[in-house]
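Protein chains in written order, with this note's numbering: chain A, 1 to 323; chain B, 1001 to 1541.
C-beta atoms are modelled at their ideal positions from N, C-alpha and C, and glycine is treated no differently.
Source: prediction; values computed, not measured.
In what follows, a structure is listed as structure tokens, so that the remarks can point back to it.
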Amino acid sequence: MPGYILKRIGISLLTIFVITTVTFVLMYSLPGKPFLGERPLPQSVIDAANAKYGLNLPMFPRYLKYLSNIFLRGDFGQSTVYTNRDVTSIIKQAFPVSASLGIRALTFGVIGGLLSGIYSALRHNKAGDRFSTVIAILGVSIPSFILGTMLQYLLGVKFSGWVKRLFDTKYQLFPLARWESFRYTLIPTFVLGLGSLASVTRMTRSSMLDVVNQDYIKTAKSKGLSDLEITWRHMVRNAIAPVYTVIGGMVGVVVTGSFVIENIFSIPGLGKYFVNSVTSSDYPMTIGLTLFFSIFIVLVNLVVDLGYSLIDPRVRLDRASKR
Amino acid sequence: MKSTVLARNALYLLLALALVAVAQPAAHAAADEKVLNIAITAEPSSLDPNNGIGDTWMFTNGHLYEPVTRLDINNDAVPGSALSWELSEDGLTYTFIIRDDNGWSNGAKATAYDYEYGVKRILTHESGEDWASLVFDIKNASKVFAGELPVEEAGIKADGNILTITLEQPEPYFPKLLTFAPYFGVNTDFVEGTDGKYGTQAALTLSNGPYYVESWAHDDKLVFRKNPYYWNAANVKIDTINIYIIPDENTRINLFQNGELDYVEFSGAKKPVVEQAGYAVSSYENGRSVYLDANLSNPVSGNLKIRQALSSAIDRELFVKGALKDASTPAEGLVPTGITGADGKSFREYIGKTLIYDYNPELAQTLFAEGLAELGLAASDVTLTIISRNSEPYVTANAALQEIFQETFGIKVSTEPLDRSSYSARRSDYSYDFCLVSWGADWDDATTLIHYFYETEPTDTARVVYKEAAFDEPYAKALLERDPALRQTYLGEAEAALMEALPRIPIWAEGQYKAVSDRLLGVHNRAVVPYVDIVWADIAE
């Protein structure tokens, strides 16, 4: 096990190094400059701005400076858009919000998905199964910007207006936007989590159906075990591994923020920076985010892989690594 | 079976939640306090007036800082922190007497030196570069910025309560330029204590204007409170402004409908939605002029008759109604509506229409044929490339122009909506025939749109730039003219010269739809920043 972890950490570091280099080269070769607006700027002004952000250096020295800043000092530089704010401080401020939303959505999606997937498999080809399949298909196919906008209007405007008239209160159970208390999280969590819920449902269902017809289930039944025990100990335990793979892949994406949902609900998360930093040529921000994102994904993958051996006793990491 | 139980339990839970929710009393502000709720579309890049960019940065600055002069509701530059000012005989030196009863939000006294320090921060690279060229109007400023002269040589000096500003060349509109954030003052002691982080957080920001920032949750919300040390605090009626950062237009409209916002701006597409919800929609001219910028170095776009023909082919009335479908108005010149002129009229009202080559399809054909003959080309040989940004309204407008030019002249038009990065690359390489682009007014005077042509020097021999005496002569006269009405007349003549040569073909002047809640009174919109001015607004009881 420790050998495997060390090897994985080594590979992770290499991956991160490659990603930083590729990001740098991509950003370097982007056409255009960050400080070009409609107003023609005097050369002295452009030079000063380039010097401030280290953009005046040729490619290789700039790359070395960039690497040493990141790896020796942990300094991602300052945003060129948000004046005098460090990229790290922006990530520190926005990531917890995205992570909070992501974890809520994942919890909702995974628990909901497992339950409906199991239910669906047990009710194979009956009405309940069809219903949950329809939900799953809808969940995968409705884009979140449509679902988000729709729920915001129906619950935030229509339902709230109705409650207001009925109870003569200003209180909103489903606030339209922003990120304050628990009730503010309800709609965004649902919208963001529905996609995960749908994929987990479908994965659980098919994986459960594989297990349902196995001989050992028949054996268990003939032994006279209760339905609950059969479902939990013999079906779910055996069906969970492929579902776990799907969930592992979701974590990185869901937790680092969704541009669309954060935009609709004005949630101060990290999602918008992924898009805006590129469109506004905020090089330090883009590079900082890419690096942060890749480190995060690499870490999540490591944890997910380690988790396999806990979920599925047949997986032995040590042997796999020595082979 | 189990699932129905689950569903029922979930229903109970939801009901219980709803009941708890209804039972809780809503939080109320102190009864006598006036609170305004508005939204801005993006996080301000900073709250440092000498360092930042973007409309939301300008909006926040306009309410946090007191400029030397402030625009009143007639868009006249009136005393802000200045009590009065004088202009020297040669039109170069302004002497401002700064009031001694204005204070920073921590109780410190606001002084003339604050303004000197603000500009010098820019000149010494202590703050941002974004607006450096705007303070280059001050004598020696560009040389100080480039390190060729010591900072003491810059033409801005404070002595006691006297602020003296000397300019490179006469600029009769200079008092209006002072309403622009780079010229705002900041408190030296405070700024020096922020370790280069001034204006990045509420606690690291100090105000000498009507409001100060009490809290700033990044990407979420700013709370502005009335500044008790502001000299004119008695006339500031709103105690608290909650400024929410709401990037999505739909969300802003929903919040407004829900009564959670008192003011909202929106595009033409959303107008019916707001009207249907029962609100009165109005609009204002936001001082943005949209035009085709010609690349004069290319043969076709460099041909005068072709440019005149293209301009004559555009039915601007129909363009605004049919393609844009918003509050914009057809261009009558390069200077947009909403910019002040003379005699209490706007520049456009005072000067009238200078766009000579407005819609005239017959003339367009004649001019185009003459232009082609000069170039020795047939219509089928011509391909025009029009670049623009890949955002609205540029994409729609570019497509409409393509259709107009192709159908009118039988030429090929290739439109290229580009992202920021490729756009700026193409723009700096001059790799296009025309660029569909807009320019927003920085200060409230016609010069803001046409000064560019006076400054341009034909330095690069490979590049053709517009430089004609027909423009320079009246413009130079306008710079020296003290009579405000005559000055506007000269500017009108200069603009007319541009409209004859058409280095830029104006198409429309942007307008902005808005709706205001019943309780918000006296919010003022203008064509320059802050576009939304709530300094003198009030909340109805």
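If you scan the stretch 218 to 255 of chain A from start to end, which runs of the alpha helix (DSSP H) of 4 or more residues do you find wholly inside it? 237 to 255
Does DSSP put T1179 of chain B in a helix, a strand or coil? coil
Taking 8 Å as the cut-off, decide whether the C-beta atoms of T1251 of chain B and I264 of chain A are in contact. yes
W1085 of chain B, DSSP secondary structure in three states: Three-state DSSP puts W1085 of chain B in a strand.
What number of angstroms, rounded off, separates the C-alpha of F1453 of chain B from the C-alpha of A1112 of chain B? Going by the C-alpha atoms only, they are around 34 Å apart.
Less than 8 Å between CB atoms is the rule here; does Y28 of chain A satisfy it with respect to chain B? no
According to the neighbour-count rule (16 or more other Cβ atoms, all chains shown, within 10 Å of its Cβ), is L122 of chain A buried or exposed? buried
Is DSSP giving Q1512 of chain B helix, strand or coil here? DSSP places Q1512 of chain B in strand when its eight states are reduced to three.
Short of 9 Å Cβ to Cβ, which residues in the stretch 240 to 265 of chain A face chain B? E262, N263, I264, F265
Selection from B:G1511, B:D1442, B:A1342, B:Q1257 that minimises the alpha carbon distance to R1482 of chain B: B:A1342
Taking only beta-carbon atoms, is D1358 of chain B less than 8 Å away from chain A? no
Using a Cβ-Cβ cutoff of 7 Å, what residues of the stretch 70 to 96 of chain A are near chain B? List them in chain order. V81, Y82, T83, N84, R85, Q93, A94
Quick one: which residues of the stretch 1328 to 1350 of chain B get their C-beta closer than 7 Å to a C-beta of chain A? List them in chain order. Here the close residues number zero.
Please confirm whether Y1291 of chain B and R1504 of chain B have their CB atoms less than 8 Å apart. yes
Is the beta carbon of L1363 of chain B closer than 8 Å to that of V1213 of chain B? A distance of 8 Å or more separates the beta carbons of V1213 of chain B and L1363 of chain B.
Quickly, what does DSSP pair D86 of chain A with across the bridge? List them, please. A:Q78
T1124 of chain B - containing beta strand (DSSP E), residue span: That residue, T1124 of chain B, is in no beta strand (DSSP E); it is neither H nor E in DSSP.
Partners in chain A for S1142 of chain B, counting only beta-carbon separations shorter than 8 Å: Taking the beta carbon of S1142 of chain B as reference, the chain A residues within 8 Å of it are P42, S44, listed in sequence order.
Own chain, CB closer than 6 Å to P1474 of chain B, minus 5 neighbours either side, in chain order: Y1490, E1493, A1494
So which residues on chain A does L1177 of chain B lean against when the C-beta distance must stay under 9 Å? Correct list: empty, because the minimum Cβ distance to chain A is about 14 Å.
Cα separation between H1524 of chain B and G139 of chain A? 46 Å
Using alpha carbons as the reference points, say which of B:M1499, B:D1032, B:Y1466, B:A1496 lies closest to K1237 of chain B. B:D1032
I'd like to know whether the C-beta atoms of T1354 of chain B and W1508 of chain B end up nearer to each other than 8 Å. no
To which residues does DSSP link L1292 of chain B through a beta bridge? B:L1436, B:I1505
G102 of chain A: buried (16+ other C-beta within 10 angstroms of its C-beta) or exposed? Around the CB of G102 of chain A, 16 or more other CB atoms lie within 10 Å, so the residue is classed as buried.
Are G1199 of chain B and N1051 of chain B closer than 8 Å when you measure CB to CB? yes
Evaluate L173 of chain A with the Cβ neighbour count: other Cβ atoms within 10 Å of its Cβ, from every protein chain shown; 16 or more gives buried, anything less gives exposed. buried
The stretch 92 to 108 of chain A / the stretch 266 to 282 of chain A touching (three or more Cβ pairs under 8 Å): yes
Given a limit of 8 Å on CB to CB distance, which residues of the stretch 1182 to 1209 of chain B reach chain A? G1196, K1197, Y1198, G1199, T1200
Identified DSSP bridge partners for W1216 of chain B: B:L1222
If the cut is a Cβ gap below 8 Å, which residues of chain A does Q1257 of chain B touch? V157
Same chain, Cβ closer than 6 Å to Q1406 of chain B, five either side skipped, listed in chain order: V1413
Would you say the stretch 113 to 120 of chain A touches the stretch 152 to 159 of chain A, given that touching needs at least three Cβ pairs under 8 Å? no
Put V134 of chain A into one of helix, strand or coil per three-state DSSP. helix
Any beta carbon of chain B sitting closer than 8 Å to that of T149 of chain A? yes
Name the chain B residues whose beta carbon is nearer than 7 Å to that of P31 of chain A? Contact annotation for P31 of chain A against chain B: S1421, S1422, A1425 [CB-CB distance below 7 Å, chain order].
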